[in-house]
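Participant:
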Amino acid sequence: MAALCCPQHSIPLLGTNLWHARAAGICVDVSSGFVAESCTLSWLRSCSLNASVKGLVWNRGVNPQINQIDTFVKSCLPDGQGTPFAYEQLNLSANAEKPAAYRRDDVILACKRLVAKLPPSLKETIEVDALMLCDTLTSLCPNASWLTAQLECVGKNNCARWHQDLYVGRTIITYTGPGTWLVDDNSVDFSQFDKTMGVSKEVSDPLIVPDFNKIHRAQTNAVCLLKGNSWPDINGFGITHKSPNVPLNDKGEVLEKR
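Heads up: the sequence shown is residues 1 to 258, going by full-length UniProt numbering.
1) CA-CA distance, Leu151 and Val203?
2) By a C-beta neighbour count over all protein chains shown, 10 Å radius and 16 as the cutoff for buried, is Asn63 buried or exposed?
3) Please classify Gln89 as buried or exposed, where buried requires at least 16 neighbouring CB atoms within 10 angstroms.
4) Alpha carbon to alpha carbon, what distance is there between Pro210 and Val154?
5) Starting from Ile234 and walking both ways along the beta strand (DSSP E), at which residues does that stretch end?
6) Examine the Cβ distances between the stretch 237–248 and the stretch 160–176 and report whether three or more of them are shorter than 8 Å.
7) Quick check on Leu59: does DSSP put it in helix, strand or coil?
8) Along the chain, where does the beta strand (DSSP E) containing Thr240 start, and where does it finish?
9) Just to confirm the assignment: which complete alpha helix (DSSP H) runs, minimum length 4, are found wholly within the stretch 98–176?
10) Can you have a look at Ser93 and say buried or exposed, based on whether 16 or more other CB atoms are within 10 angstroms of its CB?
11) I'd like the span of the alpha helix (DSSP H) that includes Ser42, first residue to last.
12) Quick check on residue 265: buried or exposed, where buried means 16 or more other Cβ atoms within 10 Å of its Cβ?
13) At what residues does the beta strand (DSSP E) containing Val199 begin and finish?
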């Protein structure tokens, strides 16, 4: 995953309470954003310039190293909870005076550090992907202050509730198991965010997104771009999304892959 952040003071403090925000006139139209699907990286970048496109999914097909990745991920889930495996963060504003080529050199080095502890057979594949995700975000949002790159083995510690991000934006690849779920604005009942606070996902999921068939479900190895609340010129708030609902065993491993 790669993510961009603005300075802390510029992050909206409204959380996911879009219903109250719209009532207060802060969000003019929360029903205009939608998820688009791409067939190439260049099309994903181009389509993301459309203010109404809040989420993008590029289904790339099966990774030829899926079995190796799956074995490695299982080794990282001894207690079923999952954990960040590697983490890199760059202060882009500190490098603002550098020529673009030198700033990208910093990103390249960060991606190399990110994969340093991976099995040798997986390093190149994931390093290339990490750099692609970082390049995509920094090219689309050149004024963001922070860039974070993270490898995470996700088990039971997933984002189970529908929400929007406070980030500028994120790009995500799920290497094993199903990918992120995203929905168009007009498929969301925003009034239910407050009403279902604190209840289980089994209760809140169908209330917030009543039509299960309207969910965009990214495939394994897909590239997802999620615009957050701080995305430049975002219309209202970021894309509504969550981790997929899949059965897990006691080790946090997916029992059924879809």
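C-beta: ideal position from N, C-alpha, C; glycine also.
Facilitator: Working from what's here:
1) 30 Å
2) buried
3) exposed
4) 26 Å
5) Careful: Ile234 lies outside any beta strand (DSSP E) and carries neither H nor E.
6) yes
7) The residue you asked about is not Leu; residue 59 is Asn in the sequence shown. It is coil, neither helix nor strand.
8) Thr240 to Lys242
9) 100–114 and 120–140
10) exposed
11) Leu41 to Cys47
12) Any property of residue 265 remains undetermined from this structure, which presents the chain solely from 1 to 258.
13) No beta strand (DSSP E) holds Val199; DSSP gives it neither H nor E.
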